[in-house]
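Numbering (the numbering used here), first residue to last: 9 to 266.
Rendered as structure tokens:
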């Protein structure tokens with residue numbers, strides 16, 4: 009039997025080695041581009057991380073700036089509210105001696121509005137309450153031009169008295185008379201307030217109506233609070249909500265008694 013020479017094993021081994029080398033070269037050839045791509049991705053990720061860090065720093069800085077601006081805006085709003093209240097208070101103080109006469113027919117005052125007001129007060133409130141003409145700084149219709157339209161109302165007459173006590177006396181007499189009539193027309197006399205204060209006072213109108221229905225006497229205090237007498241003692245409501253709560257408590261008490 010013929011034996012296979014040793015050279016055959018060596019040839020096989022060499023072939024295996026060669027194949028292994030070729031396989032490594034093939035794999036290296038395939039992996040090398042992947043390694044380059046991975047390197048590029050890593051570089052891009054590093055750049056992206058740097059950019060994200062910069063963005064985060066900017067966002068943090070912007071958040072700090074926004075917080076600072078928010079605080080500034082809140083402070084400015086608070087200061088504006090304070091200044092607005094001061095201006096409104098000053099405006100109302102400047103109107104302290106003013107009265108508005110409502111629903112007086114147009115042109116009844118003629119060219120002498122001050123003289124007309126003195127005559128009007130004597131007629132509707134009683135001549136015994138006015139031994140001499142009141143001192144009036146000025147009196148005029150407002151606005152300057154009449155209202156137009158078929159249902160246009162007469163413009164109010166704004167009167168500024170030189171004496172605050174005269175103004176208070178007129179309001180007291182008008183309140184005691186309950187209804188004032190001039191030449192068959194019902195007229196009204198009101199204090200003169202700023203627009204903002206007038207809005208605050210009007211918020212009590214529904215409460216005043218309920219108090220009238222409940223036969224509870226009240227008075228609207230300056231600048232904007234409602235006063236009643238409870239068990240012989242004054243009770244002040246600073247807001248309409250306070251008065252609403254009081255009425256609700258009364259309703260609950262009455263229901264429990266029934």
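Where a beta carbon is used, it is the ideal one built from N, C-alpha and C, also for glycine.
_Across the region 164-174 and the region 103-111, are there enough close Cβ pairs to call them in contact, namely three or more that are closer than 8 Å?_
Because the criterion of three Cβ pairs below 8 Å is met, the region 164-174 and the region 103-111 touch.
_Mapping the DSSP letters down to three states, classify residue 188 as helix, strand or coil._
By 1-based counting over the chain shown, the position of residue 188 is 180. If DSSP states are grouped into helix, strand and coil, residue 188 belongs with the strands.
_What does the alpha-carbon distance come out to for the pair residue 36 and residue 19?_
The sequence position of residue 36 within the chain shown is 28, counting from 1. The sequence position of residue 19 within the chain shown is 11, counting from 1. Distance between residue 36 and residue 19, taken at the CA atoms: about 25 Å.
*How about the region 119-139 and the region 220-228: do they share at least three Cβ pairs that are nearer than 8 Å?*
Contact between the region 119-139 and the region 220-228 is absent, because fewer than three Cβ pairs lie under 8 Å.
*Could you name the residues of the same chain whose beta carbon sits closer than 6 Å to that of residue 122, not counting the 5 residues immediately before and after it, in chain order?*
Taking the first residue of the chain shown as 1, we reach residue 122 at position 114. Answer for residue 122: 144 and 147, listed in chain order.
*Give every residue of the same chain whose Cβ lies closer than 7 Å to the Cβ of residue 155, excluding the five residues on either side of it in the sequence, and list them in chain order.*
By one-based count along the chain shown, residue 155 stands at place 147. 161 and 163.
*Return yes when the C-beta of residue 128 is under 7 Å from any heavy atom of the ligand NAP, and no when it is not.*
Absent from the structure shown: the ligand NAP. Ligands present: none.
*Tell me whether residue 105 is buried or exposed, calling it buried when 16 or more other Cβ atoms sit within 10 Å of its Cβ.*
By one-based count along the chain shown, residue 105 stands at place 97. It counts as buried.
*Start-to-end residues for the beta strand (DSSP E) that takes in residue 125*: As a working note, residue 125 is residue 117 in the chain shown. Here residue 125 belongs to no beta strand (DSSP E); instead the alpha helix (DSSP H) covers 121-133.
_Limits of the unbroken beta strand (DSSP E) element including residue 155_ = Numbered from its first residue, the chain shown carries residue 155 at position 147. Run containing residue 155: none; DSSP gives neither H nor E here.
*Indicate the three-state DSSP secondary structure (helix, strand or coil) for residue 83 in the structure shown.*
As a working note, residue 83 is residue 75 in the chain shown. Three-state DSSP puts residue 83 in a helix.
*Is it right to say residue 32 is buried, meaning 16 or more other beta carbons lie within 10 angstroms of its own, or is it exposed?*
If you number the chain shown from 1, residue 32 lands on position 24. Counting Cβ neighbours within 10 Å, residue 32 comes out exposed, since fewer than 16 surround it.
*Cross-strand partners of residue 146 (DSSP beta bridge)*: For this step, residue 146 is matched to residue 138 along the chain shown. When beta bridges are read from the DSSP output, residue 146 appears opposite 168.
*Just the Cα atoms here: how many angstroms apart are residue 257 and residue 210?*
Start at 1 with the first residue of the chain shown, and residue 257 comes out as number 249. Start at 1 with the first residue of the chain shown, and residue 210 comes out as number 202. Taking C-alpha positions only, residue 257 is separated from residue 210 by approximately 23 Å.
*In terms of residue numbering, what span does the alpha helix (DSSP H) encompassing residue 214 cover?*
Position 206 of the chain shown, counting from 1, holds the residue named residue 214. First-last of the alpha helix (DSSP H) with residue 214: 213-221.
_Residues bridged to residue 199 [DSSP beta-bridge criterion]_ = As a working note, residue 199 is residue 191 in the chain shown. Residue 199 pairs with 107.
*Neighbour-count burial assignment, residue 259, 16 or more Cβ in a 10 Å radius*: Looking up residue 259 in the chain shown gives position 251. It is exposed - the Cβ of residue 259 has fewer than 16 other Cβ atoms within 10 Å.
_residue 116 (DSSP reduced to helix, strand or coil)_ = Residue 116 sits at position 108 when you count from the first residue of the chain shown. The answer is coil: DSSP assigns residue 116 none of H, G, I, E or B.
_So, does the region 201-221 touch the region 93-100, judging by three or more C-beta pairs under 8 Å?_
Judged by Cβ distances under 8 Å, the region 201-221 makes contact with the region 93-100, as three or more pairs qualify.
*Can you tell me the Cβ-Cβ gap for residue 190 and residue 128, rounded? I've got them flagged as a contact below 8 Å.*
Against the chain shown, residue 190 aligns to sequence position 182. Against the chain shown, residue 128 aligns to sequence position 120. Cβ-Cβ separation between residue 190 and residue 128: approximately 6 Å, consistent with a contact (criterion under 8 Å).
*In terms of residue numbering, what span does the beta strand (DSSP E) encompassing residue 162 cover?*
Taking the first residue of the chain shown as 1, we reach residue 162 at position 154. Membership of residue 162 in any beta strand (DSSP E) is not indicated, and neither H nor E is assigned to it by DSSP.
*Pick helix, strand or coil for residue 233, following the three-state DSSP scheme.*
Counted from its first residue, the chain shown places residue 233 at position 225. In this structure, residue 233 counts as strand in the three-state DSSP scheme.
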